[in-house]
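K.L.:
Please see the structure below; I have some questions.
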Amino acid sequence: MSNGEVTFVNILEVEEGKQAEVAKILQDATDTVISKRPGFVSVTLLASKDGKRIVNVAKWASTADVQATQNDPAAAEFGKKLAGLAKPVPGLYDIVGEYSA
């Protein structure tokens with residue numbers, strides 16, 4: 002039920018006391034690389050109140066755009082910065098419902 006757009010969701014289990022650092026790395030990656038990639042639509046970064054997780058919700062024009070970004074060496078550099086700070090659990094999703102007031 003999607004219009005071709007895909008949503009990349011990455012739930013990052015963050016090492017204790019590292020949530021702000023992980024959030025900053027993701028913000029920098031989005032500002033300098035991700036938002037400039039072909040097919041980029043939007044990113045929402047969510048920090049859990051308990052400090053244990055960051056959720057990255059990124060909308061893309063297509064699965065191919067996500068895959069191309071994942072293969073971009075500049076994007077991979079940010080992944081290296083996250084190593085040891087957070088354990089990623091990524092996945093691609095189709096939007097099956099979206100509601101707002």
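In the numbering used here, the protein residues as written are 2 to 102. Virtual Cβ for every residue (Gly too), placed ideally from N, Cα, C.
#1: Below 8 Å on the Cβ atoms is my guess for Ile-55 versus Ala-24; work out the distance and round it to an integer in Å.
#2: Rounded to a whole number of angstroms, what is the C-alpha to C-alpha distance between Thr-64 and Asp-73?
#3: Have a look at Thr-33, Leu-27, Val-7, Thr-70 and flag the residue whose alpha-carbon is nearest the alpha-carbon of Val-15.
#4: Would you say Ala-84 reaches chain C, if we count a Cβ-Cβ gap shorter than 7 Å as a contact?
#5: Can you give me the C-alpha to C-alpha distance between Val-90 and Asn-11, rounded to a whole angstrom?
#6: Would you mind reading off the limits of the alpha helix (DSSP H) that contains Ile-26?
#7: Please report the straight-line C-alpha distance between Ile-35 and Lys-53, rounded to a whole angstrom.
P.N.:
Let's see:
#1: Stepping through the sequence shown from its first residue, residue 55 is reached at position 54. Stepping through the sequence shown from its first residue, residue 24 is reached at position 23. So it is a contact: roughly 6 Å between Cβ atoms.
#2: Here residue 64 is taken as the residue at index 63 of the sequence shown, counted from 1. Here residue 73 is taken as the residue at index 72 of the sequence shown, counted from 1. Roughly 14 Å separates the two Cα atoms.
#3: On the sequence shown, position 14 is the one that residue 15 refers to. With distances taken between Cα atoms, Val-15 lies closest to Leu-27.
#4: Among the chains in the structure shown there is no chain C, since it carries only a single protein chain.
#5: The sequence position of residue 90 within the sequence shown is 89, counting from 1. The sequence position of residue 11 within the sequence shown is 10, counting from 1. Answer to the nearest angstrom: the Cα atoms are 5 Å apart.
#6: The count along the sequence shown starts at 1 and reaches residue 26 at position 25. That run of the alpha helix (DSSP H) goes 20-33.
#7: As a first step, residue 35 is located in the sequence shown; it is residue number 34 there, counting from the start. As a first step, residue 53 is located in the sequence shown; it is residue number 52 there, counting from the start. So the alpha carbons of these two residues sit roughly 24 Å apart.
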